[in-house]
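Colleague: This is the structure I have questions about; it appears just below.
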Amino acid sequence: MIPLEWYLILSSVLFCVGLYGVLARRNAIAIMMCLELMMTSITINLVAFWRYGNVANLSGQVFAVIVFAVAAAEATVGLALAISIYRNRDTVVANDLNLLKW
Amino acid sequence: MNTTLLIWLIPVPPLISFLLIVLFANRTKALSHSIALTSVIMSWIMSWIVVFSAFAKGYYYGENPFHSYIHWLPTGTTYLDMGVAVDNLNSILLFFVPLCIVAIFLYSIGYSNFGKPVHDHDLPGTPPHHGVDPLYSRFFAFLSLFAGAMLTLTVADNLLLLFVGWEVMGLCSYLLIGFWYGREYDDPKATPPRIAAIKAFLTTRVADVMMLLGIAYLYSQAGTLNFHDIFFNEELMYDLTHNPSMIAGFTVANLIGLLLFIGTVGKSAQFPLHVWLPDAMEGPTPVSAMIHAAAMVSAGIYMIIRMFPIISAGGSHGPNPTMEIITFIGAFTALFGATIAIAQYDVKRVLAYSTISQLGFMVAALGMGAYVAATFHLMTHAFFKALLFMGSGSIIHGVEHGMHDVHEHIDPQDMRNMGGLKSRMPITYWTFLIGGLALSGFPFVTAGFWSKDEILGDAWAHHHYIVFTVLCIAAFLTAYYTMRQISLTFYGEPRTKSAEHAHENNWTMTLPLVVLSFFAIFAGFIGVHGEFPVLGQLFGNNPFEHWLVGALPKDMQPKPFTFTWFPVIMSIAVALGGLLVGYLVYGRNPLKSADQVDPVKKLLGPLWTMLENKYYVDEFYYAAFVKPAHWIGETLTFKIIDRGIIDGIIHFVASFFWKAGVGSAAVEQVAVDAPPDRMADGVRWTGDAMKYIQTGRIQNYLMYTVIAIALIGVLFGFLVAG
Amino acid sequence: MSGSQIAFLIISALTVYSALMVVTGRNLVRSALWLVMTLFMVAAVFTTLDAGFMAVVQIVVYIGAIAILILFAVMLTRKVMNDTEPQTNDNWWMAVIVSVVIFVGMVFMVSGVSLPARPASDVSNQIVDLGNAFVSPNQFILPFEVASVLLIAALIGGIAIAMPREEEG
Amino acid sequence: MEFINNNLLMLILFTPLLGMTAVMLAPNNKGTIARIAFAFSLIPLLLTLYLWANYDFVAGGFQFEVNARWYPSVNAGFHLGVDGLSVPMVLLANLLVPLCILASFNVDRIRGFMALFFILQVGTLGVFLSLDLLLFFAFYEVGLVPMYFLINQWGSPKGKRELSRGRIVPAREYASFKFMIYTMAAGLGLLLAIQLIGITQGTFDLPTLYATWPTSNETFLNFASASTVKTVAFWAFFVAFAIKVPLFPFHTWLPDAHTEAPTAGSMILAGVLLKLGAYGFLRLVIPLFPEQSAAAAPIIALLGMLSIILAAYSAYGQTDFKRLVAYSSVNHMGFVVLGLAVVAWAAGNAVDPTTLALAGAGAVIQMFNHGLSAAAMFFLVGVVYERAHTRNLDELGGGIWQYAPIYGGMLIFSSMASLGLPGLNGFVGEFAIVRGSWPIFTFYTALSMIGLFMTGAYVLKGIRKVLHGPINPHWADHNMEMNVREIAVMAPLLVLMLLIGVWPASIANMINYAIVHLFG
């Protein structure tokens, strides 16, 4: 049987890779993709703990589903924002979006 | 129309004329003088209707005069009433004042060169030399106001309304004396009209404020200012006569009388407030006639005649201090004015001093209780002095035209520049001669003789021998300087080209002269003393006196003095003597040239210089009153008291608080402000330094967050695990 | 090491590899496709956890909807950023450090966590149970409904944001 | 109509704020703003005329009263009311404000100017209308602030004032500061005295205090006797209003403030604000402190006389036309104070009712008259200043009458009104006061005649230096004549001056009844 630890480490790896992407990528849409990665890593965690915890209690799965919903919503709004910004400012580079500078 | 309403209406037309000219007619010269002339003629007609209906009422009509009033000012539960009344006294003024005014108005039309076009060289505010006066309309407006004020004063039934007319006349005299306000003289000692105007107004104002006090005093004592209500109230008159005032030796009535008399001193140019009158000659000549004959100076005399019951109160029980003062000032002024007049060269100035002197006669007469004689002289003087002034104006006008013809620059008013005008200006000559003889008191045929004789006779009859002597000398001098004036002006040969080219003026100027000449002769016959041989009976036993005393309550009416020959002989002697001496000195040997020294000057020497300089009264006043007033105003009250002392104290207090404020601010800076200030500095510095992390980039923020989480995690790990 | 463990390792390796390709790829389209790969691999991970339903949902929702959406977005905005430009910002090294530190911390935390595995028979009826749990007032109806409202709101918001302005059109 | 009748005083008091709002909202165009301000300033005037027509002066007493809760914790109410004293003052204020506004069509930053003017109007009206001590004080202070800004911001920019040791400051700042500080200092004592009364009596309501305070025997916090309290309060009131009048030796702020203020500011300052002081004497000081007033009456009369004489001399010594007119205000207000001294004397001594009525009514009439003539004079100074850009009499140098006959006529007319020429308004008041004070303060009255004489001297000096003289070619290319708007400012003033001079009963009836009612 696969130990729980493995899943968690996989999830961690995936999370950190996503984190790196979020912090380092210039393209806003790429950042969005990395966010999806991080989100996915969380679902792995949730499902793994369900599987190794009380199986009758479906909270883990339910939360995973809700995370999907949140991810979908986030993607929708985020991408709409990206397109809107692109339309107005002709860029999707996150570094250029610094209107709130000091 | 009933008579009382007519009295209200008498002063109204000139006042309306003033408003009409000022507001609407000021661009049309013909319309202006038409309005003005019409208005005074209306007043004249209404006055005479009133006067003759008063005559019809009989001698003692004064107890129940034409009278009408309105509530003018509420005073608590009572009212100060304003009204008009015509009684025996002011009916006489209403007889001659409007007549003289109409004459003056008519005369002004010619005098202001009406009919000629406006000339470019005639600037507004200077005497016109070429064409009609540029301010022609304004002149008639002011004259109208003047006439309206004089008539208001005449018909007033109370002292306050009289004062209103009195002061408005003061304003008009100011405006009219200063009418040629733009005139300048090369001679620095000469008084330009604008200064003369101020001098006139202020000198009379000195007197007017005193008179105001007198009015206030009378009002507070009597509770009314109505002449009739005061004089015919025996109880009140008794109180006024017997209660002592705050000044020892004066009863209330005496003090009121004295204060009111000061008003007359100013208005009628008595010594020591006479100084304004000669300078008032700077005004146009019709104005001089108006001020010095018909209106203003008469008003002064009229006022003390009107207030005679107050002034003479207590006089029957021994000497009354007020009357003594009045007599002294009158007699002194009569002599004083006459002496100055003999040394003047300006044709109008001679008349001005003559006016002062003649007014002195009236004042002295009133001071001696010669109520009738004073009034009588007031009337005759108005006629012949108006005549003389307008005659002198006619002379000046003629000479000015001569000047204009020959392009000569001389003083057209200086008698030394005249001579020989008799043949060139015959009407002016004959009328001026009549006026001059009347002024001198030429026996029997001139009005001036009868009125002056009345005064001298009264003085003699009541044993005022000193006054009698003084007045006789003054009368002698009067005749002398009159003859001097006539001789210098009309006789001999012309001493300048201008005089040579002078010619008679048009009818608007000569007609008034002729009319007034008539009155200067015949007005005297109504006042001939009843006991005068032949003539007294012939002229109706002195109707003037019988009429006039009706203005007074019965117990105050003066008795006619007993006729004696001495004063009559004296007055004939001084009149003829003066005329003769004058003729001998100036008429028989006329001056040959304008530069010739006056023959009397050698005789009198320094005294002449003193007379020529009017006893240096002006200089004395300037040094004693005007300069100190400047100093007080500019230095004492303003610089020393206000700016120095009061503001000094304020600034001291202010600077004290200022310094206290500066000090406490310094303390605050160190003790109170510094710590929070430094803290605030620190916060700002930190903020300045830290603001750079606020890049506006979401990834940077996220990075910080994650780093922070990492650090917290590490820390947490150490704490929990360690 | 059992067969399932080996399978897990292979799946994990593929997952991580494709994830790395997502974050490092220069070409965004390829990145997006690698994202699909990653998500697919995660679905595989779910199957190793006996969560078949989750795997299916992962494929349908993530790959079928989100990933495709991202692909569209990439293509719509493609012209502003070509492949030659650097795809990472100046702070990429810091991101590496931070990620590694976080990873180390996580590994530190999860190491030693172990729970006994439940037998596969326990999870037999999960789809029915899940369906009941979602609509049961006693369990998760509220989060479920909130999630649906959230989706609607996101939908409308997305339309509203991305819709061209009137003055532009 | 019912609504207007019930709220007349509130409407009069607060409609200026309507004008202020309108000015603030008006389009940014100078002419438009000025016209709107003028139109709105007519509303209070019309309401005041309605008040004048409907005030029953025979019945006397306070009418059109409004009494609302305002500051219940200290028992101060919002109590308004008018009697025969305040109606003429309200009329004067509301008459002058439209004229001032009409006179200021050319000022810069007109929006702020007009707005401040309306606030000033509210302040002054409030003082005349309030029947509550605290309310009175509040409005008294409200008037200061706009005036300060009017002088400070719109005053003549060129003036310099030399202080001690050669320090030179801008004159308008000096003047505005002096005005503000001086009046505030006066207000401080006033406020303390008001509090003193309020604490001992428990109310600020004036009609109540009229009845209770003069006879009250309460001690203050058990350490000062009633008479001490009253004496202290009396002098506090006295100084406050003496500064406002202004009375020698508290008058030096006035020439500075008047000289530097803008034309309309000087008009309203001389026309209305000075009246606050004299009004305070009649409304508060004498009725509330009859014994103390009677005791101090000789001092009041002495100071009044000194004001008359010294200010007249100072005016005569001026070279600045406006300062000359400013000093003439002190001179004229001196007569008001002389009349007030008689009223004060009558509060504790038996005085003939006619004397009292004449002195009191004379003082009020003089206040009204001075409001008209001083406003006219300041306006005329402003007219010549606007054209010649100088007020120095020597620089003007005379000879302007040729270029400006209408101006000249109006200047002489108003000068004569100010000089007290019978037949014009100034004389009525002066005569009544002289007559009223003669039996009581004979010596002072006689001495004040020096001042009356000098009035003539300075007025004629002003006329000579401006109008008379040979044509001054320097002014040939300046259009010196007044325009239609300026004539429109002067016309009502001139008509009123003549009307009151010829028929003084037109305003004296109401005032006379009020004096009899209050002091008789």
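Chains as they are written, first to last, in my numbering: chain C, 338 to 439; chain P, 363 to 1084; chain R, 300 to 468; chain Y, 1487 to 2006. Positions of the beta carbon are idealized from the N, C-alpha and C atoms, including for glycine. Bear in mind that the values here come from a model prediction, so they are computed numbers and not experimental data.
#1: In this structure, does DSSP put Y:Ile-1957 in helix, strand or coil?
#2: Would you please verify whether the beta carbon of P:Phe-501 is less than 8 Å from any beta carbon of chain Y?
#3: Which residue from Y:Gly-1641, Y:Ser-1616, Y:Ser-1713, Y:Leu-1621 puts its Cα closest to that of Y:Asp-1594?
#4: Listed from N- to C-terminal order along the chain, which residues in the segment 1052-1077 of chain P have their beta-carbon within a distance smaller than 8 Å of any beta-carbon of chain R?
#5: Please identify, using Cβ separations under 7 Å, the residues of the segment 341-353 of chain C that lie next to chain R, in order along the chain.
#6: In the DSSP assignment, what are the bridge partners of P:Ser-430?
#7: Quick one: does C:Leu-416 have its CB under 8 Å from some CB of chain P?
#8: What is the residue span of the alpha helix (DSSP H) that Y:Asn-1492 lies within?
#9: Output the distance between the C-alpha atoms of Y:Lys-1947 and P:Thr-808, rounded to the nearest integer angstrom.
#10: Would you give the residue range spanned by the alpha helix (DSSP H) that Y:Gly-1766 belongs to?
#11: Check the Cβ of P:Tyr-543 against every Cβ in chain Y and list those closer than 9 Å, keeping chain order.
#12: List, in order along the chain, the chain P residues whose C-beta lies closer than 9 Å to that of R:Met-393?
#13: Could you compute how far the alpha carbon of R:Ser-317 sits from the alpha carbon of R:Trp-333?
#14: Quick one: does R:Met-336 have its CB under 8 Å from some CB of chain C?
#15: Name the chain Y residues that come within less than 7 Å of P:Ser-409, Cβ to Cβ?
#16: Which of the three DSSP states, helix, strand or coil, is assigned to P:Gly-542?
#17: Grab me the residues of P:Phe-694's own chain with a C-beta within less than 8 Å of its C-beta, minus the 5 sequence neighbours each way, in chain order.
#18: From P:Pro-490 to P:Leu-538, what distance separates their C-alpha atoms?
#19: Please report the straight-line C-alpha distance between Y:Gly-1570 and Y:Asn-1580, rounded to a whole angstrom.
#20: Would you list the one or two residues that DSSP bridges to P:Arg-1046?
#21: What is the rounded straight-line gap between the Cα of Y:Gly-1736 and the Cα of Y:Ser-1815?
#22: Just to confirm, are C:Ile-368 and C:Gly-358 a CB contact at a threshold of 8 Å?
#23: In the structure shown, what three-state DSSP assignment does Y:Trp-1556 receive?
#24: At the 8 Å Cβ level, is R:Ile-460 part of the contact set with chain P, yes or no?
#25: For the putative contact between P:Gly-944 and P:Tyr-843, defined by C-beta atoms under 8 Å, what is the C-beta separation to the nearest angstrom?
#26: Please classify P:Ser-453: does DSSP put it in a helix, a strand, or coil?
#27: Select from the segment 988-1014 of chain P all residues with a C-beta closer than 9 Å to any C-beta belonging to chain Y, and list them in chain order.
#28: Would you decide whether R:Ala-461 is buried or exposed? Buried here means 16 or more other CB atoms lie within 10 Å of its CB.
#29: Just to confirm my understanding: we take Y:Tyr-1660, look at its own chain, exclude 5 residues before and 5 after, and list those with CB closer than 7 Å. What are they?
#30: Quick one: Cα of P:Ile-432 to Cα of P:Tyr-498, how far?
#31: Going by C-alpha to C-alpha distance, which of Y:Val-1837, Y:Arg-1873, Y:Pro-1956, Y:His-1856 sits closest to Y:Val-1823?
#32: State the Cα-Cα distance for the pair Y:Phe-1614 and Y:Phe-1604, rounded to the nearest angstrom.
#33: Does P:Ala-316 come out as helix, strand or coil in the three-state DSSP assignment?
#34: Strictly under 8 Å for the Cβ-Cβ distance: is C:Asn-432 near chain R by that measure?
#35: Please state if the CB of C:Arg-362 and the CB of R:Val-400 are separated by a distance shorter than 8 Å.
#36: Nearest-angstrom Cα distance between P:Val-768 and P:Ala-656?
Modeller: On the basis of the data shown:
#1: coil
#2: no
#3: Y:Gly-1641
#4: Gln-1061, Asn-1062, Met-1065, Val-1068, Ile-1069, Ile-1071, Ala-1072, Gly-1075, Val-1076
#5: Leu-341, Glu-342, Trp-343, Leu-345, Ile-346, Leu-347, Ser-349, Val-350, Leu-351, Cys-353
#6: P:Val-446
#7: no
#8: 1488-1492
#9: 44 Å
#10: 1760-1766
#11: Gly-1884, Gly-1885, Trp-1887, Arg-1950, Leu-1953, His-1954, Gly-1955, Pro-1956
#12: Met-1065, Ile-1069
#13: 5 Å
#14: no
#15: None at all; the shortest Cβ gap to chain Y is about 21 Å.
#16: Per the sequence presented here, residue 542 of chain P reads as Trp, with Gly not at that position. DSSP places P:Trp-542 in coil when its eight states are reduced to three.
#17: Phe-633, Gly-722, Val-832
#18: 15 Å
#19: 16 Å
#20: BP columns for P:Arg-1046 are empty, so no partner.
#21: The amino acid occupying residue 1736 of chain Y in the given sequence is Phe; Gly does not appear at that position. Taking the straight line from one Cα to the other gives about 13 Å.
#22: yes
#23: strand
#24: no
#25: 7 Å
#26: helix
#27: Ala-991, His-992, Trp-993, Ile-994, Gly-995, Glu-996, Thr-997, Leu-998, Thr-999, Phe-1000, Lys-1001, Ile-1003, Asp-1004, Arg-1005, Ile-1007, Ile-1008, Asp-1009, Gly-1010, Ile-1011, Ile-1012, His-1013, Phe-1014
#28: buried
#29: Arg-1647, Asp-1742
#30: 37 Å
#31: Y:His-1856
#32: 15 Å
#33: Nothing about residue 316 of chain P can be reported from this structure: the residues present for chain P run from 363 to 1084 only.
#34: yes
#35: no
#36: 35 Å
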